[in-house]
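Heads up: the sequence shown at position 27 corresponds to 57 in my numbering, and the numbers run straight through without jumps.
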Amino acid sequence: MTYTLDKKLKELEFERKQVREHLSLLDDKIYTLRKAIQIMEEEHRDVTEYDTAQFQYRTRRRRFTTNSATLIIRLLKTEPHRYWRVEEITKEILIADNQPNTPVNRTYIKNVHAAMDRLLKKGIVERQSDKAHKVALWRLKTEK
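Rendered as structure tokens:
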């Protein structure tokens with residue numbers, strides 16, 4: 031009888047040890063998640079100070095408040111037969127998006143170019159290459 035009680039006692043102590051280890055792991059995870067939530071809520075602070083070897087914190091900033099594809103289609107419908115350069119489209123949709131003083135830089139152009147490629151795949155716009163100036167010209171696809 032004493033043997034079985036000792037055996038049961040050892041099993042319960044081992045189980046207690048495992049539960050404590052598991053709880054400490056859970057506490058660490060909870061702490062990490064709370065810290066991540068706190069970082070995400072602090073939008074304007076430098077989040078690079080919290081980077082670890084496994085994860086780098088970055089804030090995502092939307093370039094346009096309205097969907098860029100919607101703005102592009104709206105712009106191209108104003109002059110459906112005109113060919114536009116990506117820089118022109120970017121400048122015009124920044125104005126349409128209530129950002130007239132924002133300078134047209136590479137990130138905005140890349141964003142618009144990606145949206146134009148998606149619209150090209152859907153068959154909404156067409157692209158023409160100007161080989162003399164090494165630039166792509168875009169316009170709204172007209173039905174024939």
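Positions of the beta carbon are idealized from the N, C-alpha and C atoms, including for glycine.
*Which residues bound the alpha helix (DSSP H) around D36?*
In the sequence shown, counting from the first residue as 1, residue 36 sits at position 6. Note, D36: alpha helix (DSSP H), 32-71.
*What is the residue span of the alpha helix (DSSP H) that R104 lies within?*
Translated into the one-based positions of the sequence shown, residue 104 becomes position 74. 98-108 is the extent of the alpha helix (DSSP H) around R104.
*What are the boundary residues of the beta strand (DSSP E) that D160 is part of?*
What you label residue 160 is simply residue 130 of the sequence shown in a count that begins at 1. For D160, the enclosing beta strand (DSSP E) begins and ends at 155-160.
*Count the other CB atoms, across all protein chains shown, that sit within 10 Å of the CB of V155; report buried if there are 16 or more and exposed otherwise.*
Counting from one through the sequence shown, the residue named residue 155 turns up at place 125. V155 comes out buried.
*For R93, the three-state DSSP class (helix, strand or coil)*: On the sequence shown, position 63 is the one that residue 93 refers to. Residue state, collapsed to three classes: coil.
*Near V165, what residues of its chain come up, given a Cβ to Cβ distance below 7 angstroms and the 5 sequence neighbours on each side ignored?*
Counting from one through the sequence shown, the residue named residue 165 turns up at place 135. Non-local C-beta neighbours of V165 in its own chain, meaning closer than 7 angstroms and more than five positions away in sequence, comprise R115, ordered along the chain.
_Same chain, Cβ closer than 8 angstroms to R157, five either side skipped, listed in chain order_ = In the sequence shown, residue 157 corresponds to position 127, counting from 1. The residues are M146, L150, A166, L167, W168.
*Taking three-plus beta-carbon pairs below 8 angstroms as touching, is the region 126-141 in contact with the region 92-100?*
The region 92-100 and the region 126-141 touch, with three or more beta-carbon pairs separated by less than 8 angstroms.
*With DSSP as the reference, label A166 as helix, strand or coil.*
Sequence index remark: in the sequence shown, residue 166 carries index 136 (1-based). Strand at A166.
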